[in-house]
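What follows is a short report on a single structure.
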Amino acid sequence: MWYSLTQLHREVRSMSRRLHEQATAQARGDNSDYFAYVLGLVDDLIYRGDARERVVCFASAAEFGISMQHQSERCLLAAMQTGSDAIRVLYWTAVRRLANCWTRVSQSPNSEHSETGNEAHHAGSHKLPAVHKSGASTASRKAALCRRCEELRMGSRNASGHSALYPISERYFQCIGGSVFSEAIQHRCSMCATAWTQHRNAASPFVNWSQDR
1 MWYSLTQLHR EVRSMSRRLH EQATAQARGD NSDYFAYVLG LVDDLIYRGD ARERVVCFAS
61 AAEFGISMQH QSERCLLAAM QTGSDAIRVL YWTAVRRLAN CWTRVSQSPN SEHSETGNEA
121 HHAGSHKLPA VHKSGASTAS RKAALCRRCE ELRMGSRNAS GHSALYPISE RYFQCIGGSV
181 FSEAIQHRCS MCATAWTQHR NAASPFVNWS QDR
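Going by the UniProt record's numbering, the sequence shown wraps up at 213, each residue one higher than the last.
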């Protein structure tokens, strides 16, 4: 099943790239339109696709943090119809990711709670997951980097960062200018506690790291 899950993960990433490229071309820099286009594209693919493609689209929407409650039952039935344990695992992983996204949005003090009906289903989780900054003191922020983090600071184009980094957030998307969106994951160093963000975007073939403190 591990091989099947790996293959499904590749399909989800490929689907997410396609959706990102198409939505970016149509949205032309408008952040709210971008997510509306992604939602429309996913809905269309779920309605037209076979059982496997429906679940892959559902999982891709979860990567964008877009609520698909109105499609969850359809995609659950699709996952069951395939008879594949790997696809069922993918479906429930996407459900958990969306549930976590809803939790982050509802706990944010700046979240808007006035949306109702279908707008709440569709728009509520379009907000990017909140990025919580470290509460470290000024003194700790000035603490010296470990050798590995210093090397990463000097050469930030590094696909894997270094071995002491571990993720502290799920994947989310940031607008980095114009219509370009960057996929980001926050990490922390287990040796010196430095926070880093890993960035990937379609405009660059390189993975980049930025220091958060």
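Positions of the beta carbon are idealized from the N, C-alpha and C atoms, including for glycine. If you're wondering where the values come from, they're calculated on a predicted model, not measured in any experiment.
{"query": "Roughly how many angstroms lie between the CA atoms of Cys75 and Val207, to the nearest whole one?", "result": "32 Å"}
{"query": "Go to Leu77, then tell me how far its alpha helix (DSSP H) extends in each direction, as first and last residue.", "result": "69-82"}
{"query": "Could you tell me the boundaries of the beta strand (DSSP E) in which Ser210 lies?", "result": "208-211"}
{"query": "Under three-state DSSP, which class holds residue 214?", "result": "In the structure as shown, the chain starts at 1 and stops at 213, and residue 214 therefore has no counterpart that could be examined."}
{"query": "Tell me which residue opens and which closes the alpha helix (DSSP H) that Leu152 is part of.", "result": "147-154"}
{"query": "Taking the alpha-carbon positions, what's the Cys146 to Met191 distance?", "result": "7 Å"}
{"query": "Could you tell me if Ala159 is buried or exposed, where buried requires 16 or more neighbouring beta carbons within 10 angstroms of its beta carbon?", "result": "exposed"}
{"query": "Assuming contact is defined by CB atoms lying nearer than 8 Å, are Val55 and Met15 in contact in what I supplied?", "result": "no"}
{"query": "Taking Cβ positions, are Phe58 and Ile46 nearer each other than 8 Å?", "result": "yes"}
{"query": "Please name the residue in Ala86, Ala184, Gly161 whose C-alpha comes closest to that of Glu11.", "result": "Ala86"}
{"query": "Look at the alpha carbon of Val42 and the alpha carbon of Ser156, and state the distance between them as a whole number of angstroms.", "result": "34 Å"}
{"query": "Please state the DSSP three-state secondary structure of His199.", "result": "strand"}
{"query": "So what's Arg52 in DSSP terms, helix, strand or just coil?", "result": "helix"}
{"query": "What ranges does the alpha helix (DSSP H) occupy inside the segment 18-48, keeping only unbroken runs of at least 4 residues that lie completely in it?", "result": "31-48"}
{"query": "Given a threshold of 16 other Cβ atoms within 10 Å of its Cβ, counted over all protein chains shown, does Ser182 qualify as buried or as exposed?", "result": "buried"}
{"query": "Taking only the alpha-carbon atoms, compute the straight-line gap between Ala62 and Ser163 and give it to the nearest angstrom.", "result": "27 Å"}
{"query": "Given this structure, state the Cα-to-Cα distance separating Ala79 from Ile168, to the nearest angstrom.", "result": "29 Å"}
{"query": "Spatial neighbours of His199 within its chain, please: CB distance less than 6 Å, with the 5 preceding and 5 following residues excluded, ordered by chain position.", "result": "Ser182, Ala184, Asn208"}
{"query": "Does the distance between the C-beta of His199 and the nearest non-hydrogen atom of the ligand ZN fall short of 7 Å?", "result": "This structure simply doesn't include the ligand ZN, nor any ligand for that matter."}
{"query": "Going by Cα to Cα distance, which pick from Tyr172, Arg52, Met154, Gly161 is closest to Leu98?", "result": "Tyr172"}
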